[in-house]
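Below is one structure; the comments refer to it alone.
Residue numbers (the numbering used here): 86 to 196.
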């Protein structure tokens, strides 16, 4: 897990995501995009989408921000990014991805 401080900015978030996406030890990224810190702008959604659109590994984004949550999830969807409005739903999505990878690996070993 990587936890950015409450003083995080859009750039800190994007730079951290970029490092995680390049790290061979990371198989999937669960990005919890919180918009409460003052350094985080509404433009973070577009920046995340621009970065993860070319990612070689799956990225799941969780966005919770009160009455703005549904709009953020909708915008992520419009950009082609998988987003969920709660951490438990995002974790379930990651679990499904991992289970699917195990199944694909097992099937590939079959004649």
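Positions of the beta carbon are idealized from the N, C-alpha and C atoms, including for glycine.
Residue pairing by DSSP places residue 118 opposite 148 in a beta bridge. The C-beta distance from residue 124 to residue 154 rounds to 20 Å, too long to fall under 8 Å, and the pair is not in contact. One alpha carbon belongs to residue 102, the other to residue 188, and they sit about 27 Å apart. The C-beta of residue 110 has fewer than 16 other C-beta atoms within 10 Å across all chains shown, which makes the residue exposed. By the CB criterion at 8 Å, residue 175 and residue 133 fall outside the cutoff.
As for any beta strand (DSSP E) of minimum length 3 sitting wholly inside the segment 126-184, the runs are 144-149 and 167-169, ordered along the chain.
Taking all protein chains shown into account, residue 161 has 16 or more neighbouring C-beta atoms within 10 Å of its C-beta and is therefore buried. When rounded, the separation of the alpha-carbon atoms in residue 88 and residue 182 is 22 Å. The continuous alpha helix (DSSP H) containing residue 101 extends over residues 95-107.
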